[in-house]
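Heads up: the protein sequence lines correspond to chains A and B, in order. Just so we're aligned, residue 3 is where the first sequence starts under the numbering used here, counting upward by one. Just so we're aligned, residue 3 is where the second sequence starts under the numbering used here, counting upward by one. Right, one structure below, let's go through it.
Protein chains: 2
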Amino acid sequence: MSLVRESGRLWIVGLGPGGPEWLTTQAQNALEQAQDIIGYAPYVARVPEREGQTRLASDNRVEADRAVEALQRAASGRKVAVVSSGDPGVFAMAAAVFEAIEAGDPKWRDLDVEVAPGISAMQAAAARIGAPLGHDFCAISLSDNLKPWELIAKRLEYAARGDFVIALYNPASRARPSRIHEAFSILRAHQAPRTPVIFARAVGRGDESIVISQLSDADPSIVDMSTLVIVGSSGTRLVTRGAAPPWVYTSRGAS
Amino acid sequence: MSLVRESGRLWIVGLGPGGPEWLTTQAQNALEQAQDIIGYAPYVARVPEREGQTRLASDNRVEADRAVEALQRAASGRKVAVVSSGDPGVFAMAAAVFEAIEAGDPKWRDLDVEVAPGISAMQAAAARIGAPLGHDFCAISLSDNLKPWELIAKRLEYAARGDFVIALYNPASRARPSRIHEAFSILRAHQAPRTPVIFARAVGRGDESIVISQLSDADPSIVDMSTLVIVGSSGTRLVTRGAAPPWVYTSRGAS
Numbered sequence: 003m004s005l006v007r008e009s010g011r012l013w014i015v016g017l018g019p020g021g022p023e024w025l026t027t028q029a030q031n032a033l034e035q036a037q038d039i040i041g042y043a044p045y046v047a048r049v050p051e052r053e054g055q056t057r058l059a060s061d062n063r064v065e066a067d068r069a070v071e072a073l074q075r076a077a078s079g080r081k082v083a084v085v086s087s088g089d090p091g092v093f094a095m096a097a098a099v100f101e102a103i104e105a106g107d108p109k110w111r112d113l114d115v116e117v118a119p120g121i122s123a124m125q126a127a128a129a130r131i132g133a134p135l136g137h138d139f140c141a142i143s144l145s146d147n148l149k150p151w152e153l154i155a156k157r158l159e160y161a162a163r164g165d166f167v168i169a170l171y172n173p174a175s176r177a178r179p180s181r182i183h184e185a186f187s188i189l190r191a192h193q194a195p196r197t198p199v200i201f202a203r204a205v206g207r208g209d210e211s212i213v214i215s216q217l218s219d220a221d222p223s224i225v226d227m228s229t230l231v232i233v234g235s236s237g238t239r240l241v242t243r244g245a246a247p248p249w250v251y252t253s254r255g256a257s
Numbered sequence: 003m004s005l006v007r008e009s010g011r012l013w014i015v016g017l018g019p020g021g022p023e024w025l026t027t028q029a030q031n032a033l034e035q036a037q038d039i040i041g042y043a044p045y046v047a048r049v050p051e052r053e054g055q056t057r058l059a060s061d062n063r064v065e066a067d068r069a070v071e072a073l074q075r076a077a078s079g080r081k082v083a084v085v086s087s088g089d090p091g092v093f094a095m096a097a098a099v100f101e102a103i104e105a106g107d108p109k110w111r112d113l114d115v116e117v118a119p120g121i122s123a124m125q126a127a128a129a130r131i132g133a134p135l136g137h138d139f140c141a142i143s144l145s146d147n148l149k150p151w152e153l154i155a156k157r158l159e160y161a162a163r164g165d166f167v168i169a170l171y172n173p174a175s176r177a178r179p180s181r182i183h184e185a186f187s188i189l190r191a192h193q194a195p196r197t198p199v200i201f202a203r204a205v206g207r208g209d210e211s212i213v214i215s216q217l218s219d220a221d222p223s224i225v226d227m228s229t230l231v232i233v234g235s236s237g238t239r240l241v242t243r244g245a246a247p248p249w250v251y252t253s254r255g256a257s
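Spelled out as structure tokens, the structure:
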């Protein structure tokens, strides 16, 4: 044991979905202390540059490699921040890092790891238009890269039968653009035609756009990789406001 | 119309679940601009005092009255912040405010209202122990003040049958302490005995405590008003770490 042992650290940091207004103090502190910033390139680009800090930007599809890289660096004594958009604990890098710890070098289990949660995309989208997540809700990823479509379809069905508000992450699939239509077919079989539907794109960014529709005539083909979809429950209501878009909220009581 | 018309504003602000480390920049800005701070007394107490700012602390059970008070003040030209612990959009004040707007003075629909989302209790609890919300999950309030227990029981059943990770808000009921036991009975009928269960109490506060258990022998009678419960899915795993508590995460793939 050396008297001057450098001890590595790993932060898994949520940047929130868009601009800097959703960054927490914990996340800011982690980004200031980190020697290495690791993440998907557009997220790394959102971290203010600091002299002496190494920046490792990678492609979207290499979450597992990125987790291993971060763990190796922390194990070698570096102070490392893995950054995610939104909350790293919700469909993002935190699960990938703990998966890598479980499968990897047993010494990684002794690393000093801290998760800094962030505002997730569904929360930011909800805040823009009212309080659609104000009562019982589910969050489901439509990505079938790592799980079979049958499991996704089953979850959509039970979420709809349970009359939950439903937030859909990763609604767009380049390989299978029909998935979002299949998802809406399942929801339409169980939920009322007038159920409010929100397509929230690029919330917090310069090109933010939000479309409020209803289940019967919502066109899910408008989703892209930056879109988060919220489908209401029977308790979700619109509050009209003249020319302004309506507020959308989910009642706290029985629907 | 007067040239010096003061225009009121209403922010609905999330303080995050505990200490100041989870406050966002948007929330901080709102608290600094507000003339009136309105909320449940322990939450108002968490806002740093500022000269000239009025503080209206009320009881937990008067959400609707508090919403009306805030709207009246904003309509009279005041700059008002309603504060919630966690995220105001998740089982908190935002739905109460929009409900009051819908039912109240039509002029309230023209008010300048902004929701500042916050880190919700489930996100903070998850971050402390790993990434249990890393894949598809539901959030369910067990409070039957405003909805019948039958609806809660139905949602618990569908959430369990859909193999979602489940976050339980308001698990403790003074009036009906048996509710949490009934909830666990429903979950035990559908989920494996070894499913991880997390009781996270007062996360971010000085008296924070987290108990990691499994469904077969978890004792739900330890919950109180400050506890958030997370029950895993079949994809939720423990990563043991010698003497330290295990990490808990939910795999991104099929369980």
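Virtual Cβ for every residue (Gly too), placed ideally from N, Cα, C.
Drop a sphere of 10 angstroms on the beta-carbon of residue i, count the other beta-carbons inside from all chains shown, and report buried for 16 or more, exposed for fewer.
i	result
Asp219/A	exposed
Leu148/B	exposed
Arg196/B	exposed
Ser78/B	exposed
Gln35/B	exposed
Ala127/B	buried
Met3/B	Unreliable positioning characterises Met3/B in this predicted model, as indicated by a pLDDT of 43, which lies under 50. A coordinate reading is not provided.
Thr56/A	exposed
Ser253/B	buried
Pro44/A	exposed
Asp226/A	exposed
Asp138/B	buried
I'd like to know whether the C-beta atoms of residue i and residue j end up nearer to each other than 9 Å.
i	j	result
Asp146/B	Ser175/B	yes
Arg68/B	Val84/B	yes
Ser215/B	Asp221/B	yes
Val233/A	Pro198/A	yes
Val82/A	Arg163/A	no
What's the C-alpha gap between residue i and residue j?
i	j	result
Pro248/B	Leu240/B	6 Å
Glu2/B	Ala98/B	Past the edges of chain B, shown from 3 to 257, lies residue 2/B, and the structure says nothing about it.
Ala2/B	Ser236/A	The structure shown has nothing for residue 2/B, since chain B only spans 3 to 257.
Ala47/A	Glu210/A	18 Å
Arg243/B	Asp112/A	7 Å
Val167/B	Asp114/B	37 Å
Arg7/B	Trp13/B	Reliability of the predicted coordinates at Arg7/B is poor, the pLDDT of 49 falling under 50, and no value is obtained from them.
Gly132/A	Pro90/B	10 Å
Leu153/B	Val213/B	28 Å
Glu53/A	Leu33/A	12 Å
Gly18/A	Leu230/A	14 Å
Trp110/B	Ser86/B	21 Å
Leu5/B	Asp38/B	Residue confidence for Leu5/B is low, a pLDDT of 48 falling below 50, so the modelled location carries little weight and cannot support an answer.
Gly20/B	Met124/B	12 Å
Gly16/A	Trp24/A	9 Å
Ala263/B	Asn62/B	Any property of residue 263/B remains undetermined from this structure, which presents chain B solely from 3 to 257.
Ser80/A	Ala185/A	According to the sequence provided, residue 80/A is Arg. The question's Ser does not apply to it. Those two C-alpha atoms are separated by around 44 Å.
Pro108/A	Glu71/A	15 Å
Can you pull the DSSP bridge partners for residue i?
i	result
Asp99/A	The sequence shown places Val at residue 99/A, rather than the Asp named in the question. Val99/A pairs with nothing; no bridge assigned.
Thr252/A	Thr238/A
Arg203/B	Ser211/B and Thr229/B
Thr26/B	Thr26/A
Trp110/A	Answer is none; Trp110/A lacks a bridge partner.
Gln216/B	Pro198/B
Is there at least one non-hydrogen atom of the ligand SAH closer than 8 Å to the beta-carbon of residue i?
i	result
Ala123/B	With respect to the ligand SAH, the structure shown offers nothing to examine, as it has no ligands at all.
Starting from residue i, trace the alpha helix (DSSP H) both ways and give me its first and last residue.
i	result
Leu153/A	Trp151 to Arg163
Val85/B	No alpha helix (DSSP H) holds Val85/B; the beta strand (DSSP E) holding it covers Lys81 to Ser86.
Val70/B	Glu65 to Ala77
Ile131/B	Ala123 to Ile131
Kindly indicate the opening and closing residues of the beta strand (DSSP E) around residue i.
i	result
Arg181/B	Per DSSP, Arg181/B belongs to no beta strand (DSSP E); it is in the alpha helix (DSSP H), Arg181 to Arg190.
Asp38/B	Asp38 to Tyr42
Ala141/A	Phe139 to Ser143
Ile14/A	Arg11 to Gly16
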